[in-house]
Amino acid sequence: MENKLKKKLHEAIEETLKISNRPLRPSEISDMINTLSLYERIDGHAVTSGQILARVNNYSRLFDVNDNQIYLKHWEK
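Under my numbering, the residue at position 30 of the sequence shown is numbered 14, and the numbers go up by one with no gaps.
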């Protein structure tokens, strides 16, 4: 298994936001994570936007949400 598949979902979200260099909607993040294979679920299914939003809400120290846009905490809105 490649190292990129061993990432945790919040790490893949963070990487996606850094790559895009702008806030994204949960669906944009899940699409990008799935397209770039930044994270793989144990069951092999695609990451959903609901999973993204749930993880972002659990990692409020890393992420902010405003108007359905997800930001890295250190970014200015």
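Where a beta carbon is used, it is the ideal one built from N, C-alpha and C, also for glycine.
Predicted model, so just to flag it, every value in this text is computed and none were measured.
Quick check on Asp15: does DSSP put it in helix, strand or coil?
The residue you call residue 15 lines up with position 31 of the sequence shown. It is helical.
Within 10 angstroms of the Cβ of Ile3, are there 16 or more other Cβ atoms? Answer buried if so, exposed if not.
Working through the sequence shown from its first residue, we reach residue 3 at position 19. Burial call: exposed.
Opening and closing residue of the alpha helix (DSSP H) in which Ile(-3) lies
Translated into positions along the sequence shown, residue -3 becomes position 13. Its alpha helix (DSSP H) spans residues -7 to 4.
Considering only the beta carbon of each residue, do Val69 and Tyr43 sit closer than 9 Å?
The structure shown does not extend to residue 69, since the chain is modelled only from -15 to 61, so the question has no answer here.
Applying the 10 Å Cβ sphere with the 16-neighbour rule, what's the burial state of Ile13?
Residue mapping note: residue 13 aligns to position 29 of the sequence shown, counting from 1. When all chains shown are included, Ile13 counts as buried.
According to DSSP, what are the bridge partners of Tyr43?
Locating residue 43 in the sequence shown gives position 59, where the first residue counts as 1. Tyr43 is not bridged to any residue.
Assign Arg45 to buried or exposed, taking buried as 16 or more other Cβ atoms, counted over all protein chains shown, within 10 Å of its Cβ.
As a working mapping, residue 45 is identified with position 61 in the sequence shown. With fewer than 16 Cβ atoms within 10 Å of its Cβ, Arg45 is classed as exposed.
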